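Structure, as structure tokens:
Residue numbers (full-length UniProt numbering): 1 to 164.
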């Protein structure tokens, strides 16, 4: 089994990936979660076969230090949120993540690499946030976006891991 599965109410910040398509991006986000102390939710279907070799290539041994929960679909994932806010990061967001006040138990949602999330999923989110970038480019890589967003959210909430 890859990673640890955590059940029950989540109190710390989480990263959620909606139908991710590229194993290397998922591996990089799992490594990010391990380093920063954020659990990772994977909302299926995945665009690749889930296996140790494919995911571990990017996540390496860090995968053993992150809580991973796989959900069969968005409805099953949504049922786990409780009172936690669901924050969608999208190029269609109207508000910068730097002008937003994060909370320690927010769930940061990122859409699939090729298409983002469908309108129904976007509509189920509490906020739609955007990472400011130059107008000449369309978007960042999924793992890079997750790193920028998680870093700012943890900084704001005082939850950055300490320097070793």
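We put the CB at the ideal spot given by N, CA and C, even for glycine. Here the structure is a predicted model, which is why all the values come from computation and not from measurement.
Asked: For residue 154, which residues from the same chain have a beta carbon less than 7 Å from its beta carbon, with the 5 sequence-adjacent residues on both sides left out?; Found: 13, 36, 160
Asked: Go ahead and pull the three-state DSSP assignment for residue 50.; Found: coil
Asked: What is the rounded straight-line gap between the Cα of residue 22 and the Cα of residue 115?; Found: 13 Å
Asked: Helix, strand or coil: which one does DSSP assign to residue 104?; Found: coil
Asked: Once you ignore the five residues that flank residue 107 on each side, which residues in its own chain have a CB closer than 6 Å to its CB?; Found: 14, 16, 84, 86
Asked: Are the C-beta of residue 82 and some C-beta of chain B separated by less than 8 Å?; Found: Absent from the structure is chain B; it holds one protein chain and no more.
Asked: When every heavy atom of the ligand MG is checked, does at least one fall within less than 7 Å of the C-beta of residue 97?; Found: Ligands in the displayed structure: none, and consequently the ligand MG is not present.
Asked: Take the Cβ of residue 40 as the centre, count every other Cβ of all protein chains shown within 10 Å, and call the residue buried at 16 or more, exposed below.; Found: buried
Asked: Are the beta-carbon atoms of residue 128 and residue 94 separated by less than 8 Å?; Found: yes
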